[in-house]
Amino acid sequence: MRKPILAALVLAACGDTSSLGFSTGPAVTTAPASTGASATSGSTSTTGTADDSAGSGSAEGMSTGLLRDVGTDDDFGPVQPEGCKGKVDLLFLISSLGTMKTEQAQLVASFPGFVATIQDKLADFDVHIMVANPTGRWAGWNCEEAWWGCPMYAPNCGPDDEGYQCNVYPKLITPCDETLAAGLTFNAGNGAANRQCELFGGNRYIISGEPDMKDALECIAKVGYNGGDPPMGDALIAALDPKINADGGCNAGFLREDALLVVAIISDTSDIKSKSWPYQQYDAIIAAKKDPSAVVMLGIITQPLEEGAQEVPGCVYDNDPINKDKISDLIDRFPNRAYGDVCKGDYVPFFNEAADLIGEACGSFVPQ
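The working numbering applies: residue 69 is where the sequence shown begins, and numbers increase by one.
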């Protein structure tokens, strides 16, 4: 019975319910979440008080920290939050490091299910979806410049290039293709889309109304595994910079003041390249969104190998689950957060749970 209740909540708080015959539904309140969020199972999500401590913990299973008030319509009065009104900005930071070969294949395999989730649970939302450049470098240069690249495999980049065109693609790139945190629309190299993305609306991100969501999502998110070690935190800060989102910027119009911001980080390594620290990254997010409740943090990152579970060949596991890395340290500072295991063969269940969390966060978000 959870999904029908949640659907009513989301539509009541974030969209127009009249056409679907929904009446004003029950309110949602939150309780403080347990500290820490590193998952040892498939995924863990929390909604509640942010953890700004230096310690870490582990949450077993699915813990939303939600208390549902199943009262009457009288619960919705003038004190109730107006919600995000259906506006959601999804910002993805996906590592294209060589270690991501297995994980990238799992992500690509999850695209149809992810698109189905968007169309089912976020159908009435005004959505922006962007995959930001996490390194500030066009990955195709790794093919053009490396000794094992184009010269050896001419006219191709490598055995898994799926049609990379040496000495041709570099002539097609723009300054934004080499800008930190700019939306990716020309992923190149081994395992990448190896084509320029033509997105509905002409932006460097997907918007609602995209006629072929699956193809568009695959084009921008199939980053491959031919990139460098990404400074995820620095890229996140750069993606929130007013200049890159202003008119004339690479991501003009992506970040909206009255939209719920969803940040999804997909990586199998710790953020060792960022010059910034989680507290600085947190401050940058708050400067952009004013309220930590206006943000949902998602992390598909390394997790410990579950006891008795079979190790996935080529996947990276967390050998130090006690000490936080920069990514989990940042995520744990926010009340609305969820973790998935980067080594899980199917990311769709995580995306389903994340969509529920987005709906719940939307219902309590008050634009500043």
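Each residue gets a CB set at the ideal place from its N, CA and C atoms; glycine is no exception.
- Around L252, the same chain offers V199, N201 and I288 as residues with beta carbons nearer than 6 Å, after the five sequence neighbours per side are excluded.
- Annotated three-state conformation of D409 is strand, per DSSP.
- In this structure, the CA atom of G316 is about 16 Å from the CA atom of R324.
- One thing to note: Y237 has its Cβ no nearer than 8 Å to the Cβ of G259.
- Comparing alpha-carbon positions, the option among D397, R272, V434 and T203 lying closest to A362 turns out to be V434.
- For a cut-off of 8 Å, the C-beta gap from N319 to A250 is around 6 Å, short enough to register as a contact.
- It is roughly 26 Å from the alpha-carbon of A429 to the alpha-carbon of S163.
- Considering only V410, L366, F419 and D302, the residue with the shortest C-alpha distance to I399 is L366.
- Taking the CA atoms as reference points, I305 sits about 24 Å from F419.
- Scanning the stretch 195-250 for uninterrupted beta strand (DSSP E) segments of 3 residues or longer gives nothing; none is fully contained.
- When the five nearest sequence neighbours on each side are left out, the beta carbons in the same chain lying within less than 6 Å of the beta carbon of D228 are those of N258 and G259, in order along the chain.
- Note that the C-beta distance between P360 and G301 is not below 8 Å.
- With at least 16 other beta carbons inside 10 angstroms of its own, Q174 counts as buried.
- Under the 8 Å Cβ criterion, the stretch 330-338 counts as touching the stretch 380-394, having at least three qualifying pairs.
- With a threshold of 16 other beta carbon atoms within 10 Å, G277 falls short and is exposed.
- Runs of beta strand (DSSP E) with 3 or more residues, each lying fully within the stretch 254-321, are absent.
- In the three-state reduction of the DSSP assignment, I426 falls in the helix class.
- Using a 10 angstroms sphere on the CB of D326, the tally of other CB atoms stays under 16, which defines it as exposed.
- Taking the Cα positions, G181 is about 15 Å away from K290.
- When the five nearest sequence neighbours on each side are left out, the beta carbons in the same chain lying within less than 8 Å of the beta carbon of L240 are those of F254 and Q264, in order along the chain.
- For M365, DSSP records a beta bridge to V331 and R405.
- In the three-state reduction of the DSSP assignment, K394 falls in the helix class.
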